[in-house]
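Student: Top line first, the protein sequences correspond to chains W and C.
Sequential numbering from 44 applies to the first sequence in the numbering used here.
Sequential numbering from 44 applies to the second sequence in the numbering used here.
Number of protein chains: 2
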Amino acid sequence: MENLQVDNALIKLFRVWFSQNDTELIREQLKDMYPQDIAAVIDRLENEEARQVMNALEKEVVVKVLVEMDELAREAFLSAYSPFEIANQFLDNMDSDDAAYVLNHFPNSVKEEVISQLQDIEYASSLLDLISYEDETAGSLMAFELVKANKNWTVSQCIEEIRKQAENVDSIYAVYVVDDLERLVGLLSLKSLILNPLDTKIASIINEEVISVPASAKIDQVAKITKKYDLVALPVVDALGRLVGRITVDDVVDVIKEEADEDYQLMSGITEDVDPTDKVWVLSRARLPWLLIGLLGGIASSRILGIYENQIMIHPEMAFFIPLIAAMGGNVGVQSSAIVVQGLANDTLGTNNIVQKILKELRVALVNGIICSGLILAYNLVFHQGFELAITVSIALLTVIIFASIFGTFIPMFLNKLKIDPAIATGPFITTSNDLFGIVIYFTIGRLLYHSL
Amino acid sequence: MENLQVDNALIKLFRVWFSQNDTELIREQLKDMYPQDIAAVIDRLENEEARQVMNALEKEVVVKVLVEMDELAREAFLSAYSPFEIANQFLDNMDSDDAAYVLNHFPNSVKEEVISQLQDIEYASSLLDLISYEDETAGSLMAFELVKANKNWTVSQCIEEIRKQAENVDSIYAVYVVDDLERLVGLLSLKSLILNPLDTKIASIINEEVISVPASAKIDQVAKITKKYDLVALPVVDALGRLVGRITVDDVVDVIKEEADEDYQLMSGITEDVDPTDKVWVLSRARLPWLLIGLLGGIASSRILGIYENQIMIHPEMAFFIPLIAAMGGNVGVQSSAIVVQGLANDTLGTNNIVQKILKELRVALVNGIICSGLILAYNLVFHQGFELAITVSIALLTVIIFASIFGTFIPMFLNKLKIDPAIATGPFITTSNDLFGIVIYFTIGRLLYHSL
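(1) Measuring CB to CB, does Gly451 of chain C end up less than 7 Å from Ser380 of chain C?
(2) May I ask you to report which of helix, strand or coil DSSP gives Asn477 of chain W?
(3) Out of curiosity, what's the CA-to-CA distance linking Ala116 of chain W and Ile482 of chain C?
(4) Report yes if the C-beta of Ser232 of chain W is less than 6 Å from at least one heavy atom of the ligand ATP; otherwise report no.
(5) I want to verify the contact list: residues of chain W whose CB lies under 7 Å from the CB of Ser345 of chain C, in sequence order.
(6) Leaving out five residues on either side along the sequence, give the residues of the same chain with a beta carbon under 6 Å from the beta carbon of Thr506 of chain C.
(7) Whose C-beta lies closer than 7 Å to the C-beta of Ile129 of chain C among residues of the same chain, with five residues either side of it excluded?
(8) Does Arg58 of chain C come within less than 7 Å of chain W when only Cβ atoms are used?
(9) Measuring straight from C-alpha to C-alpha, what distance separates Ser437 of chain C and Ile413 of chain C?
(10) Who are the neighbours of Thr391 of chain W on chain C, taking C-beta pairs under 9 Å?
(11) Pull up the distance between the alpha-carbon of Val498 of chain C and that of Pro278 of chain C, whole angstroms please.
(12) Say whether chain W places a C-beta atom closer than 7 Å to the C-beta of Glu352 of chain C.
(13) Determine the direct distance from the alpha carbon of Val317 of chain C to that of Thr197 of chain C, and round the result to whole angstroms.
(14) Less than 8 Å between C-beta atoms, sequence neighbours within five positions excluded: which residues of the same chain meet that for Met44 of chain W?
(15) Could you pull out every unbroken beta strand (DSSP E) segment of at least 3 residues lying fully inside the region 400 to 463 of chain C, listed in chain order?
(16) With a threshold of 8 Å on Cβ separation, who are the neighbours of Tyr272 of chain C within its own chain once the five nearest residues in sequence on each side are excluded?
(17) Fully enclosed by the region 166 to 224 of chain C, which alpha helix (DSSP H) runs are 4 residues long or longer?
(18) In the DSSP assignment, find the unbroken alpha helix (DSSP H) run with Ser159 of chain C in it and report its ends.
(19) Below 8 Å on the Cβ atoms is my contact criterion, and I expect Ile419 of chain C with Leu338 of chain W to pass it. Report the Cβ-Cβ distance as a whole number of Å.
(20) When you compare the region 215 to 235 of chain W with the region 178 to 192 of chain W, are there three or more beta-carbon pairs, one atom per stretch, that lie closer than 8 Å?
(21) What's the C-alpha gap between Thr391 of chain W and Asp321 of chain C?
(22) Is the CB of Ala129 of chain W under 7 Å away from at least one CB in chain C?
(23) Can you tell me whether Gln162 of chain C is buried or exposed? The criterion is at least 16 other CB atoms within 10 Å of its CB, across all chains shown.
(24) Is the CB of Asn64 of chain W under 7 Å away from at least one CB in chain C?
(25) Thinking C-alpha only, which one of W:Phe57, W:Gln354, W:Asp281 is nearest Phe187 of chain W?
(26) Please name the residue, chosen from C:Ile449, C:Glu360, C:Ile365, that lies closest to Glu431 of chain C on a Cα-to-Cα basis.
(27) Does DSSP put Ser259 of chain W in a helix, a strand or coil?
(28) Quick one: grab the DSSP three-state call for Ile487 of chain C.
(29) Does any residue of chain C bring its CB to less than 7 Å from the CB of Leu173 of chain W?
(30) Rounded C-beta distance between Met112 of chain W and Ile69 of chain W? I'm assuming under 8 Å.
(31) Quick one, which of C:Leu387, C:Gln63, C:Leu491, C:Glu114 has its alpha-carbon nearest Asp263 of chain C's?
(32) Could you check whether Ala466 of chain C and Leu309 of chain C sit closer than 7 Å to each other, using their CB atoms as the reference points?
(33) Is the number of C-beta pairs between the region 283 to 300 of chain C and the region 367 to 375 of chain W that are closer than 8 Å three or more?
(34) Identify which residue in W:Leu334, W:Asn250, W:Ala447 has its Cα closest to the Cα of Ala447 of chain C.
(35) Taking the C-alpha atoms as reference points, what is the distance between Leu73 of chain C and Asn195 of chain C?
(36) Output, in sequence order along the chain, the residues in the region 260 to 275 of chain C whose CB is closer than 9 Å to any CB in chain W.
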């Protein structure tokens, strides 16, 4: 198994070689490393050291490392080159999806300047097409390098085409078969290509049930289709069904991981995609929105409690259970909304309508609510908290749990109907609102019960 | 683009055909469908209907649908068959990883009974091997169907081997090259196979930098390696480096998605992997643990507040800000722990040690703490909440935010050091403890300030 982590020892070793100016040993070490690991080393070196490493690499490795390395490190490295050099020394040797990825990290003006300097006009024009696709669509994720064959060809013509394309296309996976109008009509596996005689007409051996997506498809759809049908590459077509590119599974894996990380952070009240290594200000900014919502919620709570000032003065013991009621409302709300958000994302919600969903959630809430309020009732009675308080806390807790679960189920389904990503508004929003509603419910029930009992 | 969701119209259509006993139309419809979509239809049909659909399918499609369908639907379908039939009609036609997957859903006794009935003894013995690997390891995820070549072979011998294996191996991707002791020594792409003359010795065209994992590797390592090196298949070796199987990227995609869903649910306080369509009792049970922790935390809060009963009676306005302090502590704690948990999972924590990490978190907390406590100070002064209260709330809030962020950073790192999955204990544990600490901090500061001001 390969070492996943570039360890400190290796970095130190590189530094020793730098100090001794031992290019030979550096080259020797780099020869056995994967571009991903070289990029990880470079991310931890100073700019000048990084440049030395890059200069010791072969041209086709340099571009692979460039794509894998950290954005800041890449920026620093490329800053020493002119747009012409960036275009013709680096971009020109990259796969189109990688080139588009690197370009999309430049400001718009630089982007076009670099593309315009490309000597390969055809490639430049394709790159312009690629970067024009909207973010988060299949078009923005695809590469146009692929092996394409006409349905009237023979196996031997296909092999000839592969030979021509071999240099451009790293991993072939399959040959895409098009008709005379360039429309995708089928797929030819390399296995069939190897196992059939050279003069076989490919039309007779293609798989016509080829799954494709339009360039305008959203990337979460691309991810779902790739996952569901166990694909390693997904062809992309334009509005007329013509083959324009393909998306490979490695990029889909990255999309799936990024979307999952984003949802996790949103649920934790972090609104930007951040890494622990980001700057303090970036980390602070990503967390502030939820904290401000929480602050507003806290202020609202304080005003609501202000209404009950007299009640608290007479029965200070009521205040003891404010944290319990608020926390339980928040917890139940988060649980309910998480299940719905995940169900919506994975299409596992089933086909029941909102009302049925809420009825089911109601039964779950009833079970848990009765258990929890029963336990707290027993505790309060055993520890002599007074009968009124015991009854108030238990009835309020049951009500809050039921309310919070309905609210937590309804809000994400409602947001989804409005075509708003439910993940954005659930975590913080649900907790804060349920805190508030919980307190209102608790004190309303308390006032009613203390008066009547 | 294919329809991802099996719609109600299609289910209704099937029911019409069933009522008319129109096997021809059913067969016609099924012919154009992918196994994944047929499985989705079956999951929504009654047992008897499902059986009719399965009977209308060709043998090789039946086993693919069996693997894709819901566990309960599969159980119901297979219950009509004897172990002998299950073994030789179904398992025998499956890829070994799919067969192991289906077997692992049976009770242990049934599992071995079924395997012992297999007429293909070699396959039975391989399946026994496969199901003996520990859960969550590379061995449990791999299939042993692959195309293997000896390094002394020629291209034409490899092609002959592919021809032999073609029926067993759906997607070849690459040929794995071994030495005379069956040890993995390289990888041969199908592209090289197609482009090189038939009499080429494969030793001269193999890629020796092949990435592999031992069968005992954990699946999260498998997922990381596959993602990092953009692989479509990962060979698995035994302790002696001998090739024993391979893991395909489609299974890795499922692992990545499942782990992400699990982390999301843990963060939301749900302790079992559940779907919105699960039974009420399953859903309740998955949520109870966090609710009980929350309940305990709430009881602890009530006892702590009990200590300050006099203070609350004299200054009931102090109770107004209990929800704010508790909520902010919980929020900050969840944010900090989420960043650490994700950083640990993705190896993006960097190489700083715990102390450095906490110092950085401290700076983030200071920025957000000063902003939040400044805002609440301004609010309280403007709305005449009294100088003592305003100062108490702000100082307490700043302290709580700083404390919660350190605690939220430290706990997951500490759990990780103890080799406990930090995701398990962070969400609920952090929120509840920070609620408690927040209240203690708030009232301690309050008591000090009210006495001294």
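C-beta: ideal position from N, C-alpha, C; glycine also.
Computed from a predicted structure; not experimentally measured.
Tutor: For this structure:
(1) As a working note, residue 451 of chain C is residue 408 in the second sequence. As a working note, residue 380 of chain C is residue 337 in the second sequence. Yes; because the gap between Cβ atoms is below 7 Å, this pair is in contact.
(2) Counting from 1 along the first sequence, the entry for residue 477 of chain W is found at position 434. In this structure, Asn477 of chain W counts as helix in the three-state DSSP scheme.
(3) The residue given as residue 116 of chain W occupies position 73 in the first sequence. The residue given as residue 482 of chain C occupies position 439 in the second sequence. Cα to Cα, Ala116 of chain W sits roughly 45 Å from Ile482 of chain C.
(4) As far as ligands go, the structure on display features none, and thus does not contain the ligand ATP.
(5) Mapped onto the second sequence, residue 345 of chain C falls at position 302. Near Ser345 of chain C (Cβ distances below 7 Å), the residues of chain W are Phe363, Phe364, Leu367.
(6) Because chain C spans 44 through 496 in this model, residue 506 of chain C falls outside it and cannot be assessed.
(7) As a working note, residue 129 of chain C is residue 86 in the second sequence. So the qualifying residues of the chain are Leu121, Val157.
(8) By one-based count along the second sequence, residue 58 of chain C stands at place 15. With 7 Å as the cut-off, Arg58 of chain C does not count as an interface residue toward chain W.
(9) Within the second sequence, the letter at position 394 stands for residue 437 of chain C. Within the second sequence, the letter at position 370 stands for residue 413 of chain C. The alpha-carbon atoms of Ser437 of chain C and Ile413 of chain C are separated by roughly 9 Å.
(10) By one-based count along the first sequence, residue 391 of chain W stands at place 348. By Cβ distance, chain C contributes Asp318, Pro319, Thr320.
(11) The question about residue 498 of chain C has no answer here: the residues shown for chain C are numbered 44 through 496.
(12) Start at 1 with the first residue of the second sequence, and residue 352 of chain C comes out as number 309. Output row for Glu352 of chain C: interface = yes.
(13) Here residue 197 of chain C refers to the residue found at position 154 of the second sequence. Here residue 317 of chain C refers to the residue found at position 274 of the second sequence. Counting only the Cα atoms, Val317 of chain C lies some 51 Å from Thr197 of chain C.
(14) On the first sequence, position 1 is the one that residue 44 of chain W refers to. Legend: pLDDT at Met44 of chain W = 41, less than 50; position of this residue unreliable, no value from coordinates given.
(15) Fully enclosed beta strand (DSSP E) runs of 3 or longer: not present.
(16) In the second sequence, residue 272 of chain C corresponds to position 229, counting from 1. Counting only Cβ-Cβ distances below 8 Å, and skipping sequence neighbours, we find Ile254.
(17) 181 to 184, 198 to 208
(18) For the purposes of this step, residue 159 of chain C is identified with residue 116 of the second sequence, where counting begins at 1. Its alpha helix (DSSP H) spans residues 151 to 159.
(19) By 1-based counting over the second sequence, the position of residue 419 of chain C is 376. By 1-based counting over the first sequence, the position of residue 338 of chain W is 295. For a cut-off of 8 Å, the C-beta gap from Ile419 of chain C to Leu338 of chain W is around 6 Å, short enough to register as a contact.
(20) With the cut-off at 8 Å, the region 215 to 235 of chain W and the region 178 to 192 of chain W touch.
(21) The sequence position of residue 391 of chain W within the first sequence is 348, counting from 1. The sequence position of residue 321 of chain C within the second sequence is 278, counting from 1. Between the alpha carbons of Thr391 of chain W and Asp321 of chain C lies a gap of roughly 10 Å.
(22) What you label residue 129 of chain W is simply residue 86 of the first sequence in a count that begins at 1. Correcting the residue identity first, residue 129 of chain W is Ile in this sequence and not Ala. So, not an interface residue.
(23) Here residue 162 of chain C refers to the residue found at position 119 of the second sequence. Classification of Gln162 of chain C: exposed, given that the 10 Å Cβ count is below 16.
(24) Stepping through the first sequence from its first residue, residue 64 of chain W is reached at position 21. So, not an interface residue.
(25) Locating residue 187 of chain W in the first sequence gives position 144, counting from the first residue. Residue nearest to Phe187 of chain W within the set W:Phe57, W:Gln354, W:Asp281 is W:Asp281 (criterion: CA-CA distance).
(26) Position 388 of the second sequence holds residue 431 of chain C. Selected option, being the one with the closest Cα: C:Glu360.
(27) Numbered from 1 along the first sequence, position 216 holds the residue referred to as residue 259 of chain W. Residue state, collapsed to three classes: coil.
(28) For this step, residue 487 of chain C is matched to residue 444 along the second sequence. The identity of residue 487 of chain C in the sequence shown is Thr, whereas the question assumes Ile. Residue state, collapsed to three classes: helix.
(29) Translated into the one-based positions of the first sequence, residue 173 of chain W becomes position 130. Not one chain C Cβ lies under 7 Å of Leu173 of chain W.
(30) For the purposes of this step, residue 112 of chain W is taken as the residue at position 69 of the first sequence. For the purposes of this step, residue 69 of chain W is taken as the residue at position 26 of the first sequence. Between Ile69 of chain W and Met112 of chain W the Cβ distance is about 17 Å, and since that is not below 8 Å, they are no contact.
(31) If you number the second sequence from 1, residue 263 of chain C lands on position 220. Here the closest residue by C-alpha is C:Leu387.
(32) Sequence index remark: in the second sequence, residue 309 of chain C carries index 266 (1-based). Sequence index remark: in the second sequence, residue 466 of chain C carries index 423 (1-based). In this structure, Ala466 of chain C lies closer than 7 Å to Leu309 of chain C by Cβ.
(33) no
(34) Walking along the second sequence from the start, residue 447 of chain C turns up at place 404. Closest option to Ala447 of chain C, Cα to Cα, is W:Leu334.
(35) Indexing the second sequence from 1 puts residue 73 of chain C at position 30. Indexing the second sequence from 1 puts residue 195 of chain C at position 152. So the two alpha carbons sit approximately 46 Å from each other.
(36) So the list reads Ala260, Gln264, Ala266, Lys267, Ile268, Thr269, Lys270, Lys271, Tyr272, Asp273, Leu274, Val275, given in the order they occur along the chain.
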